[in-house]
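Reviewing the structure listed below.
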Amino acid sequence: MYYFCTVNKHEKYINRCLELAKNGLGTTYPNPLVGSVIIYKDQIIGEGWHKKAGEPHAEVNAINSVKDKSLLSKSTIYVSLEPCSHFGKTPPCADLIIANKIPNVVIGTIDPFAKVAGNGIKKLMEAGANVTVGILEEECHKLNQRFFTFHQKKRPFIILKWAETADGFIAPVTRNEQKPVWITNTYSRQLVHKWRTEEQAILVGTKTVLDDNPSLNARDYYGLSPVRIILDKSGKIDHSFHVKDKRYKTIILTENTTFKTAENCIYEICSFDNQLIKNIINILVKHHIQSIIIEGGSKTIQSFIDANLWDEARIFKGKNSFKEGIKAPIAQGIITDSITVLKDELLILKNYD
């Protein structure tokens, strides 16, 4: 039997695993974020993290970084998530640990993925390793909240994002002078682009595309641009809009059956009925989307709120006022953070559920 433990002496090394794992945020999908550290006589002799799907896992990189491999048979390997036990694009990490005769394995949390889910631990135990599970478990869950949500709730981790004026509007009545109309400052907008590199997809409705012609990429920050998810019920968005420039993978949800899928532009038939949000989620799951930012507009965001299908809301509050216009969405949740970005206020809300 393996056992759960919260022994403090292990926490600093699992914490180091978490620090390493964060380096892969935005590049490991559909795989989880994982970090690993190898300890010999209270000294780190190797460490690594998973960098990209299809490339070596954290444990492999950590073991490969150890200069004197003879020390492995007298060491402890720490890993933030249970070592895999199955053949995927890479061989099982549990087998590698066993092959190197590492006697002690300390794990942050169990992997919820059905092909692992305790099997890695079982394999290690059967090979005679001493296995400890449950170190900084809450922190390990939070790090992989996208991966856990996808596998346990069968949907993506859903982030709502919008900017509103001091008087509670998300957009003015008209946009004749400027498209888009900016509520936040340059630094807040760059932060949003950073977020885009961290999540797998981004979604907007038809009106946002027609009004603002957004590119929905991460041009103001280094990293990968997300998959673009566009709601276009009747097919109003033509090829003159940026979202159809084929530069990035784009999935367009529509009821219009005349469109044909082309390079980097995928059409999915979706019913825009009273089950729209669930229909959207089913399509996202089909495409293995583990996390998504819902950026607009107000009606689209509010639909996710009303369906209670969201995990986190990131709300910028600017200093300017419109006096009239499109009202901002209203979400109720737990405020987990409040940040000032120059004169903008950023509130982070967690869904009560």
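Numbers in our numbering are just positions in the sequence shown, counted from 1, shifted up by 12.
Even glycine gets a Cβ: it sits at the ideal position worked out from N, Cα and C.
This structure is a prediction, so every number in the text was calculated from the model and none was measured.
- Classified as buried, residue 119 has 16 or more neighbouring CB atoms from the shown chains inside 10 Å of its CB.
- Taking C-beta atoms as the reference points, residue 216 and residue 243 count as a pair closer than 9 Å.
- Beta-bridge pairing by DSSP links residue 349 to 360.
- For residue 308 and residue 173, the gap between their C-alpha atoms comes out near 8 Å.
- Excluding residues up to 5 positions away in sequence, 267 and 291 lie with their Cβ nearer than 8 Å to the Cβ of residue 283 in the same chain.
- The secondary-structure analysis by DSSP pairs residue 240 across a beta bridge with 214 and 262.
- DSSP places residue 77 in the helix class (H, G or I) of the three-state scheme.
- Non-local C-beta neighbours of residue 296 in its own chain, meaning closer than 8 Å and more than five positions away in sequence, comprise 167, 168, 213, 241 and 304, ordered along the chain.
- Pairwise C-beta distances place the segment 21-28 in contact with the segment 143-158, as three or more of them are shorter than 8 Å.
- Going by DSSP, residue 29 is part of the alpha helix (DSSP H) stretching over 20-33.
- DSSP lists 277 as the bridge partner or partners of residue 274.
- Around the beta carbon of residue 312, a 10 Å sphere encloses 16 or more other beta carbons of the protein chains shown; the residue is thus reported as buried.
- Beta-bridge analysis with DSSP links residue 47 to 61.
- Comparing alpha carbon positions, the residue from 154, 339 and 287 closest to residue 37 is 154.
- Taking C-beta separations shorter than 7 Å and ignoring five residues to either side along the sequence, the partners of residue 349 in its chain run 360, following chain order.
- Under the three-state reduction of DSSP, residue 302 is assigned to coil, being neither helix nor strand.
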